[in-house]
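A short write-up of the structure that comes next.
There are 2 protein chains.
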Amino acid sequence: MKANNNLRPRLKVRRVNLDTGRENVVVISRRSVALRPDVFRGFSRVELRSNGKALLATLLLTDDGMVEVDELGLADPAFRRFGEPVGTLVSVTPAASPESLEFVRRKIQGRSFSAPEIAAIIDDISHYRYSDMEVAAFLIGSASFMTSSELLALSKAMADAGTQIKWQRSMVVDKHCIGGIPGNRTSMVVVPIVAAHGLTIPKTSSRAITSPAGTADTMEVLARVDVGVEQMKEIVAACHGCLVWGGHVNLSPADDILISVERPLSLDTREQMVASIMSKKLAAGSTHLLIDLPVGPSAKLTTALEAMRLRKLFEFVGDHFGIAVEAIATDGSQPIGNGIGPVLEAQDVMAVLSNDPSAPVDLREKSLRLAAHLLDYDPELRGGKGYARARELLDSGAALKQMQKIIDAQGPSGVRTDLGTLTADVTAPRDGMVEAIDCLRFNRLARTAGAPIDKGAGIKLFKKIGDPVEKGEPLYRIYAFDQPEFELAQAAAKADNGYVIRTPVPGSENRP
Amino acid sequence: MKANNNLRPRLKVRRVNLDTGRENVVVISRRSVALRPDVFRGFSRVELRSNGKALLATLLLTDDGMVEVDELGLADPAFRRFGEPVGTLVSVTPAASPESLEFVRRKIQGRSFSAPEIAAIIDDISHYRYSDMEVAAFLIGSASFMTSSELLALSKAMADAGTQIKWQRSMVVDKHCIGGIPGNRTSMVVVPIVAAHGLTIPKTSSRAITSPAGTADTMEVLARVDVGVEQMKEIVAACHGCLVWGGHVNLSPADDILISVERPLSLDTREQMVASIMSKKLAAGSTHLLIDLPVGPSAKLTTALEAMRLRKLFEFVGDHFGIAVEAIATDGSQPIGNGIGPVLEAQDVMAVLSNDPSAPVDLREKSLRLAAHLLDYDPELRGGKGYARARELLDSGAALKQMQKIIDAQGPSGVRTDLGTLTADVTAPRDGMVEAIDCLRFNRLARTAGAPIDKGAGIKLFKKIGDPVEKGEPLYRIYAFDQPEFELAQAAAKADNGYVIRTPVPGSENRP
Numbered sequence: 138m139k140a141n142n143n144l145r146p147r148l149k150v151r152r153v154n155l156d157t158g159r160e161n162v163v164v165i166s167r168r169s170v171a172l173r174p175d176v177f178r179g180f181s182r183v184e185l186r187s188n189g190k191a192l193l194a195t196l197l198l199t200d201d202g203m204v205e206v207d208e209l210g211l212a213d214p215a216f217r218r219f220g221e222p223v224g225t226l227v228s229v230t231p232a233a234s235p236e237s238l239e240f241v242r243r244k245i246q247g248r249s250f251s252a253p254e255i256a257a258i259i260d261d262i263s264h265y266r267y268s269d270m271e272v273a274a275f276l277i278g279s280a281s282f283m284t285s286s287e288l289l290a291l292s293k294a295m296a297d298a299g300t301q302i303k304w305q306r307s308m309v310v311d312k313h314c315i316g317g318i319p320g321n322r323t324s325m326v327v328v329p330i331v332a333a334h335g336l337t338i339p340k341t342s343s344r345a346i347t348s349p350a351g352t353a354d355t356m357e358v359l360a361r362v363d364v365g366v367e368q369m370k371e372i373v374a375a376c377h378g379c380l381v382w383g384g385h386v387n388l389s390p391a392d393d394i395l396i397s398v399e400r401p402l403s404l405d406t407r408e409q410m411v412a413s414i415m416s417k418k419l420a421a422g423s424t425h426l427l428i429d430l431p432v433g434p435s436a437k438l439t440t441a442l443e444a445m446r447l448r449k450l451f452e453f454v455g456d457h458f459g460i461a462v463e464a465i466a467t468d469g470s471q472p473i474g475n476g477i478g479p480v481l482e483a484q485d486v487m488a489v490l491s492n493d494p495s496a497p498v499d500l501r502e503k504s505l506r507l508a509a510h511l512l513d514y515d516p517e518l519r520g521g522k523g524y525a526r527a528r529e530l531l532d533s534g535a536a537l538k539q540m541q542k543i544i545d546a547q548g549p550s551g552v553r554t555d556l557g558t559l560t561a562d563v564t565a566p567r568d569g570m571v572e573a574i575d576c577l578r579f580n581r582l583a584r585t586a587g588a589p590i591d592k593g594a595g596i597k598l599f600k601k602i603g604d605p606v607e608k609g610e611p612l613y614r615i616y617a618f619d620q621p622e623f624e625l626a627q628a629a630a631k632a633d634n635g636y637v638i639r640t641p642v643p644g645s646e647n648r649p
Numbered sequence: 138m139k140a141n142n143n144l145r146p147r148l149k150v151r152r153v154n155l156d157t158g159r160e161n162v163v164v165i166s167r168r169s170v171a172l173r174p175d176v177f178r179g180f181s182r183v184e185l186r187s188n189g190k191a192l193l194a195t196l197l198l199t200d201d202g203m204v205e206v207d208e209l210g211l212a213d214p215a216f217r218r219f220g221e222p223v224g225t226l227v228s229v230t231p232a233a234s235p236e237s238l239e240f241v242r243r244k245i246q247g248r249s250f251s252a253p254e255i256a257a258i259i260d261d262i263s264h265y266r267y268s269d270m271e272v273a274a275f276l277i278g279s280a281s282f283m284t285s286s287e288l289l290a291l292s293k294a295m296a297d298a299g300t301q302i303k304w305q306r307s308m309v310v311d312k313h314c315i316g317g318i319p320g321n322r323t324s325m326v327v328v329p330i331v332a333a334h335g336l337t338i339p340k341t342s343s344r345a346i347t348s349p350a351g352t353a354d355t356m357e358v359l360a361r362v363d364v365g366v367e368q369m370k371e372i373v374a375a376c377h378g379c380l381v382w383g384g385h386v387n388l389s390p391a392d393d394i395l396i397s398v399e400r401p402l403s404l405d406t407r408e409q410m411v412a413s414i415m416s417k418k419l420a421a422g423s424t425h426l427l428i429d430l431p432v433g434p435s436a437k438l439t440t441a442l443e444a445m446r447l448r449k450l451f452e453f454v455g456d457h458f459g460i461a462v463e464a465i466a467t468d469g470s471q472p473i474g475n476g477i478g479p480v481l482e483a484q485d486v487m488a489v490l491s492n493d494p495s496a497p498v499d500l501r502e503k504s505l506r507l508a509a510h511l512l513d514y515d516p517e518l519r520g521g522k523g524y525a526r527a528r529e530l531l532d533s534g535a536a537l538k539q540m541q542k543i544i545d546a547q548g549p550s551g552v553r554t555d556l557g558t559l560t561a562d563v564t565a566p567r568d569g570m571v572e573a574i575d576c577l578r579f580n581r582l583a584r585t586a587g588a589p590i591d592k593g594a595g596i597k598l599f600k601k602i603g604d605p606v607e608k609g610e611p612l613y614r615i616y617a618f619d620q621p622e623f624e625l626a627q628a629a630a631k632a633d634n635g636y637v638i639r640t641p642v643p644g645s646e647n648r649p
């Protein structure tokens with residue numbers, strides 16, 4: 138039915154002020170002069186064409202006001218992606234599903250994907266040809282089982298879909314954490330240590346989607362993170378490392394789309410997580426990669442067995458593509474450091490790099506351990522000396538100096554970096570010892586307080602697991618700027634403060 | 138976080154003129170005085186509360202114009218379902234997913250549903266608590282395998298979710314076709330025959346979703362079909378049968394929601410089809426059910442093996458719930474009758490009932506065969522006499538008289554019943570014999586021409602499989618009212634006329 142676009146009246150582009158997330162959405166009048174929308178009903182997806190451009194979009198109907206009968210309303214991001222000015226004449230036709238959706242249907246019925254099929258799907262997804270529901274069909278259809286070949290093909294296809302960075306070096310090291318632990322900003326300590334040693338570590342990080350901060354959000358407190366590939370290369374040439382936002386570099390763009398659909402559905406498939414991470418590392422040109430796998434009762438991995446299975450998946454993909462992958466299980470039983478939220482986390486990081494006596498010990502120790510693994514990749518370094526070397530670089534101030542150099546190279550970000558002016562302390566309801574801190578709860582609480590939108594919003598923990606507490610003693614402080622959010626966070630903390638405090642057995646310990 | 142609804146400013150309800158299909162959608166300003174929408178981003182689903190009412194909805198953002206900073210825009214159908222007037226103050230909170238979505242996640246990971254889990258899911262779905270994407274997750278997660286227990290539980294839960302009709306009779310017969318064959322309006326012949334015999338056959342039918350006509354659309358050419366349960370009972374009491382729209386009776390409302398998501402994804406799972414049909418029959422109070430399973434190259438079932446598997450699923454569910462089910466494979470190699478589209482199909486039906494010599498033989502014969510199966514349920518009738526009795530009722534005019542009675546009881550519909558004024562004949566490109574007619578193609582073609590929105594739009598076939606044709610001889614006629622749609626349909630027919638015409642081997646037959 139594509140042959141006769143010219144037979145129907147075209148519609149004038151209008152911008153509709155509606156943010157529809159990542160999905161292309163267009164609005165047509167129920168009395169449109171083009172094909173009557175009732176006819177479109179059976180299709181729901183339409184294709185726009187103008188000046189050689191084409192766009193697939195989901196169709197909504199309106200009765201009046203929003204668009205005229207001779208207009209086609211383009212919501213954000215459809216308007217931006219179509220890139221034609223208001224008033225441009227476009228033809229609109231009912232759109233069939235992308236052909237690759239047939240592979241998805243077969244997968245749902247139990248077949249496996251071939252590599253070219255996965256490549257076609259990822260190509261369509263990264264060009265916004267899938268609706269959110271079609272993306273969901275791909276993810277869910279693949280969730281119950283994914284073969285080794287599918288995992289490799291998916292990693293490769295996702296890496297191929299975006300920017301691919303080439304480095305003129307034999308060794309490009311990288312680290313990555315699978316996430317879930319509040320305050321876990323080790324990259325911002327590890328990168329300066331490793332870069333100070335002289336290894337190349339061009340770190341790209343994500344922004345928060347549902348968490349209160351991604352490494353890119355926290356680094357932005359100290360420096361600009363939205364740098365392009367060329368500038369990133371210059372920074373790495375000058376400093377051996379960088380800490381930038383991966384989204385601006387456009388590594389594995391399909392991954393961002395898949396994640397935007399996984400999140401609302403809380404889908405969490407191991408193979409998809411591995412493909413997501415490895416595709417970015419492949420595209421980023423990493424040769425040696427350290428994966429941080431936190432294990433804990435409220436972490437993404439709750440048992441050593443789960444961590445081992447995931448480690449093996451990472452190793453399998455790494456081996457196939459010639460990336461030296463090491464995946465290590467770490468303590469994910471509680472938040473790392475004291476701060477949760479960009480400004481508070483940046484303070485922790487700078488305290489560790491400055492050898493401030495009040496710096497959080499767990500953040501320092503974990504960062505040293507991860508840095509040691511990376512430094513041990515250096516053939517020049519004597520076996521087993523990674524940790525000592527990392528500690529030397531941190532204690533001597535070399536790492537701090539390197540961080541300052543990276544910050545200067547990336548330039549100032551201009552974001553507001555003051556701490557939230559509304560504060561409230563949450564206190565211990567009884568005497569005892571901290572037995573557990575719920576990571577999920579604190580991610581949500583810091584987010585409710587305004588992080589990462591307000592960089593200075595978040596939570597500062599005063600007590601960690603094993604600390605004794607007295608009734609009425611502050612457990613943590615909430616920081617916020619916005620009154621309703623502040624009250625919302627306080628109420629949430631009141632309903633469940635996120636701490637488990639074990640009361641000592643009477644007589645077995647002294648009680649005040 | 139529900140404890141503190143009163144802490145945040147409430148928003149005023151505004152109606153946003155946007156039809157979002159079946160999904161609840163609300164629009165909030167990016168500068169809203171309630172919680173800032175950036176905070177909502179991580180959630181995407183919100184809960185509205187006012188005057189004891191609650192509604193889950195998907196959130197869209199706007200910069201200005203559409204809603205003010207103190208307003209909450211409710212699109213259709215959210216506005217209708219919330220049922221509060223413009224200006225009502227509502228609280229808006231980020232909404233967690235319905236708890237039953239956790240069962241869906243586990244199913245995706247390979248577990249089976251328990252019956253109470255399925256009941257909880259269907260309850261949430263039928264109360265519009267699932268987003269479209271969450272509905273898709275349920276459907277796709279269940280698509281690759283569904284146990285017998287799951288199939289039974291799903292059929293039961295769907296039946297329980299809506300109206301359940303009780304008949305004070307020991308035998309209530311029904312028929313159902315799985316669809317896919319254009320023009321297949323046998324119900325409109327079968328119901329009057331069976332009702333004329335005196336068996337109770339309260340037929341509820343669907344409207345077209347992506348096809349050019351459902352039986353309810355075609356019946357509406359002759360009579361009103363949107364009758365409620367009570368009136369339906371009166372009609373059946375007077376006429377032994379009826380032909381009404383199931384949607385108005387609210388049988389298995391979850392099914393309509395599931396179908397609205399299955400269609401755009403072209404999901405087609407046997408178990409879901411069986412649960413969908415059987416849930417409606419359970420709710421409708423049927424005791425004896427005949428299922429029509431058309432088999433053909435462009436039908437939903439392409440082999441006898443597929444038809445047998447599906448038959449066994451229907452029998453299994455029927456046996457469990459005490460419904461006598463008979464499922465028979467029928468010829469689905471081409472459209473049934475000559476007309477495709479409501480008015481044309483109604484003409485075929487009335488021609489058969491009137492014993493018009495030009496009536497399509499295939500529609501007559503298939504209807505007689507189906508009616509015979511149903512009549513054979515009557516214990517009063519001598520074994521094997523069903524066909525003869527059906528034919529007697531049709532040939533004598535008793536069926537026509539019964540149809541007139543049903544039409545009178547349902548009353549006039551008031552729809553326009555004239556044929557499309559724009560017509561074009563599509564002719565044979567060469568001499569030969571009709572070897573195949575593509576059902577999918579003709580469904581789409583008639584829909585493109587305007588059916589079922591324009592009752593009089595559609596296709597009239599002049600040639601069926603086995604008919605000899607000469608080059609230039611009309612194969613079918615397109616009827617339309619709308620010029621652009623007329624041209625679109627003609628262009629589509631030009632690109633692929635939907636017929637396969639086999640040229641006779643030269644010399645083996647006479648050629649003109």
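One line per chain: the protein sequences are A and B, in this order.
Numbering-wise (my numbering), the first sequence opens with residue 138 and increments by one.
Numbering-wise (my numbering), the second sequence opens with residue 138 and increments by one.
Yeah, the Cβ is synthetic: ideal placement off N, Cα and C, and Gly gets one too.
Contact set for residue i: own chain, Cβ-Cβ below 7 angstroms, skip 5 residues either direction
i        : result
Arg648/A : Per-residue confidence for Arg648/A stands at a pLDDT of 47, beneath the threshold of 50, marking its modelled position as unreliable; no derived number is given.
Gly635/A : Ile574, Asp575, Arg578, Phe579 and Leu582
Ser416/A : Ser292, Met295, Ala296, Ser389 and Asp392
His377/A : Ala332, Gly335, Leu336, Thr337 and Ile338
Any C-beta of chain B under 7 angstroms from that of residue i
i        : result
Gly478/A : no
Asn143/A : Because the pLDDT at Asn143/A is just 44, under 50, the model does not fix this residue reliably, and the value given afterwards should be weighed accordingly. Chain B contact via Cβ: absent.
Ser181/A : yes
Asn154/A : yes
Gly317/A : no
Any C-beta of chain A under 7 angstroms from that of residue i
i        : result
Leu197/B : yes
Thr157/B : yes
Heavy atom of the ligand NAD within 6 angstroms of residue i beta-carbon
i        : result
Gly224/A : This structure lacks the ligand NAD, and indeed carries no ligand of any kind.
Same chain, Cβ closer than 6 angstroms to residue i, five either side skipped, listed in chain order
i        : result
Val309/A : Thr337, Gly422, Ser423 and Thr424
His457/B : Leu289
Thr323/B : Lys503, Ser504 and Leu507
Sequence-distant residues of the same chain with beta carbon closer than 8 angstroms to residue i, five excluded per side
i        : result
Gln484/B : Gly476
Ile654/B : Chain B is shown from 138 up to 649; residue 654/B falls before or after that span and cannot be answered.
C-beta atoms of residue i and residue j nearer than 7 angstroms
i        : j        : result
Ala412/A : Gly299/A : no
Ala546/A : Ile277/A : no
Val163/A : Leu211/A : yes
Using a Cβ cut-off of 7 angstroms, which residues of the segment 609-636 of chain B contact any Cβ in chain A, in chain order?
Of all residues in the segment 609-636 of chain B, only Asp619, Pro621, Glu622, Glu624, Leu625, Ala628, Ala629 and Ala632 come within less than 7 angstroms of chain A when Cβ atoms are compared, listed by chain position.
Taking 8 angstroms as the threshold, find out whether the segment 492-507 of chain B comes into contact with the segment 343-355 of chain B through three or more Cβ pairs.
The segment 492-507 of chain B is not in contact with the segment 343-355 of chain B.
Interface positions of the segment 386-414 of chain B facing chain A (Cβ-Cβ less than 9 angstroms), listed along the chain
Listed by position, the residues of the segment 386-414 of chain B near chain A (Cβ gap below 9 angstroms) are Val398, Arg400, Pro401, Leu402, Ser403, Leu404, Asp405 and Thr406.
Which residues of the segment 273-285 of chain B have a Cβ closer than 7 angstroms to any Cβ of chain A? Give them in chain order.
Within the segment 273-285 of chain B, the residues whose Cβ lies closer than 7 angstroms to any Cβ of chain A are, in chain order, Ala273, Ala274, Ile277, Gly278, Ala280 and Ser281.
With 9 angstroms as the C-beta to C-beta threshold (strictly closer), list the residues of the segment 161-172 of chain B near chain A in chain order.
Flagged, chain order: Val162, Val164, Arg167, Val170, Ala171 and Leu172.
Pairing CB atoms from the segment 533-544 of chain B with CB atoms from the segment 362-369 of chain B, are three or more of them under 8 angstroms?
With the cut-off at 8 angstroms, the segment 533-544 of chain B and the segment 362-369 of chain B do not touch.
Which residues of the segment 213-247 of chain B have a Cβ closer than 8 angstroms to any Cβ of chain A? Give them in chain order.
So the list reads Ser234, Leu238, Arg242, Ile245, Gln246 and Gly247, given in the order they occur along the chain.
Any contact between the segment 424-441 of chain A and the segment 183-197 of chain A? By contact I mean 3 or more CB pairs, one from each, below 8 angstroms.
Segment contact: the segment 424-441 of chain A against the segment 183-197 of chain A, fewer than three CB-CB distances shorter than 8 angstroms; contact not assigned.
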